[in-house]
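J.: Take the sequence shown: its position 18, counted from the start at 1, is 18 in this note's numbering, and no numbers get skipped. In this text, a Cβ means the ideal position worked out from N, Cα and C, and glycines have one as well.
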Amino acid sequence: MAAERILTPKLAVFLLLVSGVLLTAAYRRWSRPDADTAIAQLRVGDLEGRERRRLWHSLLDQGLASSDRRLRLCAATAALLLADPERYRACLQPLAAAPLMSRSFMIGSRDWDTFSYCPL
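(1) Measure the C-alpha to C-alpha separation of residue 91 and residue 64 and round it to an integer number of angstroms.
(2) By DSSP, does residue 19 sit in helix, in strand, or in coil?
(3) Between the segment 51-63 and the segment 73-92, are three or more C-beta pairs nearer than 8 Å?
(4) Taking all protein chains shown into account, do 16 or more other C-beta atoms lie within 10 angstroms of the C-beta of residue 25, making it buried, or fewer, making it exposed?
(5) Can you find a CB in chain D that lies within less than 8 Å of the CB of residue 23?
(6) Distance check for residue 28 and residue 12, CA to CA, integer angstroms please.
(7) Does the separation of the CB atoms of residue 70 and residue 95 fall below 8 Å?
(8) Residue 47 by DSSP, collapsed to three states: which one?
(9) The alpha helix (DSSP H) with residue 70 in it runs from where to where?
(10) Whose C-beta lies closer than 6 Å to the C-beta of residue 38 among residues of the same chain, with five residues either side of it excluded?
(11) Please state if the CB of residue 42 and the CB of residue 32 are separated by a distance shorter than 8 Å.
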């Protein structure tokens, strides 16, 4: 009996396609989006809690490193949502903004997990 080939050309092509799809999905899931992409994804609102928090952290880090007023205000909003008053103040300090606002003052909503608005 002749030796059977386990890896045929058709199987190799199929495995290559599957691995490409999996790598693309992994890259999209775990890569850090730029600020505009993060804001757009948060506005859509179709995210799980863990994904939403990852985007808030990304937006907060990018906002702290930026001098853009719009991005710093979005980062301040993300800091409020993450309950991080020190980073909130750090976001607004260069803008000479108002003192720390309470969550109830900003929105009046108890469901902060669905909050996706970014000022300006």
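T.: On the basis of the data shown:
(1) 6 Å
(2) helix
(3) yes
(4) exposed
(5) No chain D appears in the structure shown, which is made up of a single protein chain.
(6) 25 Å
(7) no
(8) coil
(9) 69-81
(10) 55, 58, 59
(11) no
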